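S.K.: First the structure, then my questions, so here it is.
Numbering (full-length UniProt numbering), first residue to last: 1 to 439.
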């Protein structure tokens, strides 16, 4: 049992480590990628990988809870059975009396391991992911069919434990029933030979879909606990970075997350538009190969260069040159800092341009003196005619607003975006920032 628990725990550990690594890699690449849509897909992939790591931690806790009953009782039960087997084996070393063997010869086994029991001391747990399906079925313990084979007789075939007489350790005037080996074995011993019996707990049938209900005995309860452990399902997020990247990018949850964010940000009029846009973003990130989104997004992420630190200096390397955990953390922080500094510099530059424009506008502001000499149709562009007849004159129009550009041409599309409601159509984020600052 401990070997099965250890195997499942190691599988969860590998899954969590791979998912955590992928989450960091994809997050760094998302920050290093200038194309908004592709960067967003990488960030969604990073978040899905992080979700997988969180689920692995939750699953580990669940495994410990589910395995608790097996871990408490499994080794103890195996120990009880092994002790009885060891005792019978040691009582079978004489030439004329033995407890294990046939009516004519004693067993040739010399260790409990040869009898199928754990060794008295186990250095390394066996490699096992589940119990032997030929021994533990959904109906019960296959080999526990009830009556055990007992050979009864006198003389050299007698076992010390079943021999009668005042000097023996097991004998009685009447039947004596005792359960041993954690209640898996019941021995009935009495004076007259031929009446001794040994019965195994009948557990080869009676369970339905791996459960005895109700479980009235220790062996039945242990069977139920073993079946729960055997059927503990592990999530399939991948146990290597490549596997985890592919699974995270192609997971339907990633598309759902993208669609939710798009819908919240863009206020679509059509109900399915967010889902459609999310699908198109994933498809574009995979270079149009819908059937291989996971594989192609993984390759694109690994080919992307991100900032790293080498010899205290910043450098750049592709992620296929696998970074260490420390380098991944450094890369995320460096890319974050680089991005924030770029935005800060752009904001500063645009604020300066805005101030220059305001200063120029202030200088160019018309006064009545500028308008008074304009006659007829020339009284426009900031000036207007006021009064009637001889009182008519050209004065400053306080409500005049210069004509604005009709819109910003979306790069490479030939269309005009007049609002910032769908920034995912604008591939360079600085354009949006410039538009907002200059308004």
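Every residue, glycine too, gets a C-beta built ideally from N, C-alpha and C. Source: prediction; values computed, not measured.
1. Determine the extent of the beta strand (DSSP E) in which residue 383 is found, giving its start and end residues.
2. Distance, Cα to Cα, residue 250 vs residue 235?
3. How would you call residue 277, buried or exposed, if buried means at least 16 neighbouring beta carbons within 10 angstroms?
4. Using only the alpha-carbon positions, how far apart do residue 89 and residue 135 sit?
5. Rounded to whole angstroms, what is the Cα-Cα separation between residue 307 and residue 400?
6. Jot down the residue ranges of each uninterrupted alpha helix (DSSP H) in the segment 259-341, minimum 4 residues, whole runs only, in chain order.
7. Let me check one thing: in DSSP terms, what residues is residue 212 bridge-paired to?
8. Applying the 10 Å Cβ sphere with the 16-neighbour rule, what's the burial state of residue 116?
9. If you follow the beta strand (DSSP E) that residue 197 is part of, which residue opens it and which one closes it?
10. List the residues that DSSP assigns as beta-bridge partners of residue 106.
11. Can you tell me the Cα-Cα spacing of residue 8 and residue 126, whole angstroms?
12. Please state whether DSSP places residue 236 in a helix, a strand or coil.
13. Tell me the rounded alpha-carbon separation between residue 286 and residue 300.
14. Taking DSSP as the reference, what is the three-state secondary structure of residue 184?
15. Identify which residue in 11, 320, 184 and 333 has its Cα closest to the Cα of residue 76.
16. Using alpha carbons as the reference points, say which of 159, 12 and 44 lies closest to residue 87.
17. Look at residue 78 and residue 118 and say whether their C-beta atoms are less than 8 Å apart.
18. Rounded to whole angstroms, what is the Cα-Cα separation between residue 199 and residue 61?
19. Hey, out of 108, 6 and 48, whose CA is closest to residue 23's CA?
20. Nearest-angstrom Cα distance between residue 220 and residue 104?
21. Give the DSSP-derived three-state secondary structure of residue 51 in the structure shown.
22. Pull up the DSSP beta-bridge partners for residue 147, would you.
23. Cα separation between residue 374 and residue 357?
24. Using 8 Å as the Cβ pair cut-off and three pairs as the minimum, do the segment 263-278 and the segment 208-215 touch?
25. Which same chain residues end up closer than 6 Å to residue 231 when comparing Cβ atoms and leaving out the 5 residues on each side of it in sequence?
26. Give me the residue from 383, 365 and 377 with the minimum Cα distance to residue 371.
27. Starting from residue 122, follow its DSSP beta bridges and name the residues at the other end.
28. With distances taken from CA atoms, which of 124, 98, 31 and 84 is nearest residue 2?
29. Buried or exposed for residue 342, please, with buried defined as at least 16 other CB atoms from any protein chain shown within 10 angstroms of its CB.
30. Might you give, ordered along the chain, the residues of its own chain that have their beta carbon closer than 7 Å to the beta carbon of residue 30, omitting 5 neighbours on each side?
31. Tell me whether residue 122 is buried or exposed, calling it buried when 16 or more other Cβ atoms sit within 10 Å of its Cβ.
32. Apply the 10 Å Cβ neighbour rule to residue 328 and answer buried if 16 or more other Cβ atoms are within range, or exposed otherwise.
33. Near residue 156, which residues of its chain fall below 6 Å by C-beta distance, leaving aside the five closest residues on each side in sequence?
34. Taking the alpha carbon of residue 143 as the reference point, which residue from 376, 18 and 204 has its own alpha carbon closest?
35. If we count the other Cβ atoms within 10 Å of its Cβ and call it buried at 16 or more, is residue 325 buried or exposed?
36. For residue 371, which three-state DSSP category applies?
M.R.: So, from the listed chains and residues:
1. Element bounds for residue 383: 383-386.
2. 15 Å
3. buried
4. Looking at the backbone, the Cα of residue 89 and that of residue 135 are separated by about 23 Å.
5. Going by the C-alpha atoms only, they are around 51 Å apart.
6. 273-285 and 293-303
7. Paired residue(s): none; residue 212 is not in a bridge.
8. exposed
9. 197-200
10. 101
11. 13 Å
12. Three-state DSSP puts residue 236 in coil, outside helix and strand.
13. 8 Å
14. coil
15. 184
16. 159
17. yes
18. 39 Å
19. Checked all of 108, 6 and 48; the closest Cα to residue 23 is 48.
20. 36 Å
21. helix
22. 199
23. 26 Å
24. With a cut-off of 8 Å, the segment 208-215 and the segment 263-278 do not count as touching, because too few Cβ pairs lie within range.
25. none
26. 383
27. Paired residues: none, contrary to the question.
28. 124
29. exposed
30. 39, 42, 43 and 46
31. The residue in question, residue 122, is exposed, as its Cβ has fewer than 16 Cβ neighbours within 10 Å.
32. buried
33. The pLDDT assigned to residue 156 is 44, lower than 50, so where the model puts this residue is not dependable; a value taken from the coordinates is nonetheless given after this. If we look at residue 156 and ignore the five residues flanking it on each side, its Cβ neighbours are 96.
34. Checked all of 376, 18 and 204; the closest Cα to residue 143 is 204.
35. exposed
36. For residue 371, the secondary structure class from DSSP, reduced to helix, strand or coil, is helix.
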